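Shown next, in structure tokens, is the structure this report addresses.
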Amino acid sequence: MYPPFTPDPRGENRSAGRWTTNGFREAESDTTVTTESPRAKGIVAVMGLGYVGLPTSLGLVDAGYQVIGIDIDPSRLTAIRSGRVDLPESDHPRLATALAKQRLILSSDPVAVQSTEAVLVCVPTPLDAHRLPSLTALERACDDVVRNAVPGQLIVLTSTSYVGTTSDLLVVPLLARGLTPGRDIHVAFAPERIDPGNQIFPQEAVPRVVGGVTSACAERACALLGPIVGGLHVASAPVVAELSKLLENTFRAVNIALANELADISATLGLDPMEVINAAATKPYGFMPFYPGAGAGGHCIPVDPHYLLWQLRPHSLTTPVIGQAMEALAARPGRMVDRAVQLLSDAGKGLRGARVLMTGVAYKPGVADLRCSPALDMIQLLAERGAEVAYHDPLVDQVRLAEGHPVRSDPAPLPEDYDLVVVYGLQPGFDYAWLDRCRLLLDCTYRLGIGAEIPATGELRDERDDDFGQVDDVALSAR
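Offset between the sequence shown (1-based) and this note's numbering: plus 6.
Pasting the structure below:
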């Protein structure tokens, strides 16, 4: 059905694999396909309507499906009905239309799964306070799906998790119910690839990896996902797709940690890390630029590698590169706070009682998402050490410390009111020209530079000028 998306470098098509009772297939080749699929008209359930489930639901509606969106959080369903959700501006009319025409039906009852031909599980897989996998939401969602599964249905797990999750939470329980994957029901793992706020690579332009329990399972999953993604790469088994997803974000985490270390090396040698990275990036092969900052935030990069580290604990294999990279990322906000202390000390001011403004608190520009944001760790550490901290982020309404106390928001900051301004990130489309009046500035973005002009769009420039307005001291690259 699907022509090749990219040629198989092995130049061969190996025979379809044999399904085994542990939910995996043997001796089946990887295949890559595109999405020339006819528009389907069935009913699909999406379990979990967060940053993955809701955009996925809209994509399925656009592809011709009717979607039952299921979420156990009543406040989330209320927010979706009222349009108070963190979506790209262009998606709000799509959401309103889908709801008005009942192409997207909201429910909190997993029994609704029984009336659908396919189910996508899109629930979060975070870490607990000890940086261990928190699987409660995923286990509950999969249990609900298994209890309500009907013969002939397709179940696709999209949530990032440990290797073997598809088997443990879907295949084995389905077998216990008398539903054999590949014969009575179809099961696949197709990890999400959604980057919130990314206008260059929206979900529909990004290829997806699909690992079916059998070749028939993979084919069914491809038929469902084909119209809403930028291509399909069929792996030989769910475990391959599961580990590939963990690799994707572990790769990013390790390289971000390396970029941060390069920034420290550059500071020690009196060099600009951005200039060094951009010079290396001119090499057309063997190098990919990663850029330093105050850590790694969001729902994937600081989380997913820990699923791999956790799974490997019972084994004799050690992974020092991954482990040390994650420790370095976790410690990065503290290093930035230490730099803030040093800057204030150099200016004759202690941290206790100092007025500090954190500019940008969402984990990255273009979103309002606070999950795992290093800015929150920095605010917590600054407050614990006696600083009077406020924040400025046009997209974030409220920030609270770990003990629940709110952090003061300053929607129109006056730089002269603060002893130190920490730039964690700048939201695009907003005016940051006021930064040129800061007394003391700690640049955690590594992009402002000496005398950099802050354009009203909030886009960071890498060019370096000689004049930075009235700034008395600029912490270039957080040195």
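Ideal Cβ placement from N, Cα and C applies to all residues, glycine included. Because the structure is a prediction, the values reported are computed rather than measured.
Count the other CB atoms within 10 Å of the CB of residue i; is the residue buried (16 or more) or exposed (fewer)?
{"i": "residue 291", "result": "exposed"}
{"i": "residue 550", "result": "Outside the modelled stretch of the chain, which goes from 7 to 485, sits residue 550, for which no answer is possible."}
{"i": "residue 327", "result": "exposed"}
{"i": "residue 73", "result": "buried"}
{"i": "residue 159", "result": "buried"}
{"i": "residue 173", "result": "buried"}
{"i": "residue 333", "result": "exposed"}
{"i": "residue 272", "result": "buried"}
{"i": "residue 350", "result": "buried"}
{"i": "residue 89", "result": "exposed"}
{"i": "residue 433", "result": "buried"}
{"i": "residue 183", "result": "exposed"}
{"i": "residue 387", "result": "buried"}
{"i": "residue 263", "result": "buried"}
{"i": "residue 63", "result": "buried"}
{"i": "residue 293", "result": "exposed"}
{"i": "residue 289", "result": "exposed"}
{"i": "residue 276", "result": "exposed"}
{"i": "residue 207", "result": "exposed"}
{"i": "residue 37", "result": "For residue 37, the pLDDT reaches just 41, beneath the cut-off of 50, and the residue's location in the model is therefore unreliable, leaving the point undetermined."}
{"i": "residue 192", "result": "buried"}
{"i": "residue 138", "result": "exposed"}
{"i": "residue 330", "result": "exposed"}
{"i": "residue 410", "result": "exposed"}
{"i": "residue 242", "result": "buried"}
{"i": "residue 439", "result": "exposed"}
{"i": "residue 398", "result": "buried"}
{"i": "residue 423", "result": "exposed"}
Taking the alpha-carbon of residue i as reference, which of the options has the nearest alpha-carbon?
{"i": "residue 347", "options": "436, 281 and 391", "result": "391"}
{"i": "residue 266", "options": "75, 300 and 243", "result": "300"}
{"i": "residue 217", "options": "393, 237, 206 and 245", "result": "245"}
{"i": "residue 117", "options": "107, 85, 108 and 77", "result": "77"}
{"i": "residue 80", "options": "317, 114, 106 and 119", "result": "114"}
{"i": "residue 303", "options": "259, 69 and 97", "result": "259"}
{"i": "residue 105", "options": "124, 85 and 143", "result": "85"}
{"i": "residue 420", "options": "143, 288 and 442", "result": "442"}
{"i": "residue 406", "options": "57, 400, 422 and 381", "result": "381"}
{"i": "residue 339", "options": "385, 58 and 91", "result": "385"}
{"i": "residue 404", "options": "376, 431 and 426", "result": "376"}
{"i": "residue 247", "options": "352, 274, 235 and 215", "result": "215"}
{"i": "residue 185", "options": "165, 204, 87 and 155", "result": "155"}
{"i": "residue 355", "options": "335, 324, 318 and 425", "result": "425"}
{"i": "residue 140", "options": "412, 295, 166 and 69", "result": "166"}
{"i": "residue 125", "options": "93, 321, 53 and 371", "result": "53"}
{"i": "residue 431", "options": "379, 314 and 120", "result": "379"}
{"i": "residue 200", "options": "412, 398 and 59", "result": "59"}
{"i": "residue 383", "options": "341, 119, 136 and 146", "result": "341"}
{"i": "residue 152", "options": "134, 143 and 181", "result": "181"}
{"i": "residue 335", "options": "94, 91, 190 and 261", "result": "261"}
{"i": "residue 129", "options": "91, 323 and 198", "result": "198"}
{"i": "residue 169", "options": "314, 196 and 82", "result": "314"}
{"i": "residue 70", "options": "107, 286 and 98", "result": "107"}
Report all residues from its chain with a CB closer than 8 Å to the CB of residue i; omit the five preceding and five following residues, and keep chain order.
{"i": "residue 148", "result": "127, 163, 175, 176 and 179"}
{"i": "residue 359", "result": "392, 393 and 394"}
{"i": "residue 123", "result": "48, 49, 50, 158, 159 and 160"}
{"i": "residue 429", "result": "365, 366, 441, 447, 448, 449, 450, 451 and 454"}
{"i": "residue 400", "result": "417, 433 and 436"}
{"i": "residue 210", "result": "65, 234, 235 and 236"}
{"i": "residue 371", "result": "203, 431, 432, 433, 434 and 464"}
{"i": "residue 82", "result": "55 and 56"}
{"i": "residue 286", "result": "293 and 295"}
Report all residues from its chain with a CB closer than 6 Å to the CB of residue i; omit the five preceding and five following residues, and keep chain order.
{"i": "residue 396", "result": "363, 414 and 416"}
{"i": "residue 402", "result": "367, 368 and 374"}
{"i": "residue 461", "result": "Because residue 461 carries a pLDDT of 37, less than 50, the predicted location of this residue cannot be relied on, and the following value inherits that uncertainty. For residue 461, where only same-chain residues beyond five positions count, there are no Cβ hits under 6 Å."}
{"i": "residue 111", "result": "74"}
{"i": "residue 109", "result": "67 and 72"}
{"i": "residue 28", "result": "Summary for residue 28: the model assigns pLDDT 36, below 50, so the residue's position carries little reliability, and this model does not support an answer."}
{"i": "residue 121", "result": "none"}
Does the ligand GDP have a heavy atom nearer than 7 Å to the CB of residue i?
{"i": "residue 386", "result": "Among the components of this structure there are no ligands whatsoever, and the ligand GDP is therefore not found."}
Taking 7 Å as the limit between beta carbons, can you name the residues of its chain near residue i, skipping five residues before and five after?
{"i": "residue 255", "result": "306, 307, 310 and 311"}
{"i": "residue 188", "result": "25, 219, 220, 222 and 223"}
{"i": "residue 389", "result": "395 and 407"}
{"i": "residue 103", "result": "none"}
8 Å is my cut-off, CB to CB: does residue i come that close to chain B?
{"i": "residue 421", "result": "In the displayed structure, chain B is absent; only one protein chain is listed."}
Which complete beta strand (DSSP E) runs does the region 230 to 293 hold, if anything under 3 residues is left out?
If we require 3 residues or more, the beta strand (DSSP E) runs fully inside the region 230 to 293 come out as 238 to 241.
Spell out a yes or no on whether the region 225 to 236 and the region 244 to 253 are touching, meaning 3 or more CB-CB pairs, one atom from each, closer than 8 Å.
No: fewer than three Cβ pairs fall under 8 Å.
Contact between the region 437 to 450 and the region 336 to 347 (3+ Cβ pairs under 8 Å)
Yes, the region 437 to 450 touches the region 336 to 347.
Any alpha helix (DSSP H) of 4 or more consecutive residues that is wholly inside the region 64 to 150
Taken in chain order, the complete alpha helix (DSSP H) segments of 4 residues or longer contained in the region 64 to 150 are 80 to 88 and 97 to 106.
At 4 residues or longer, what runs of the alpha helix (DSSP H) sit wholly inside the region 379 to 441?
Counting only runs of 4 or more, we get 380 to 390.
Start-end ranges of the alpha helix (DSSP H) lying completely within the region 180 to 233, minimum 4 residues
Those alpha helix (DSSP H) runs which fall completely within the region 180 to 233 and span 4+ residues are 221 to 231.
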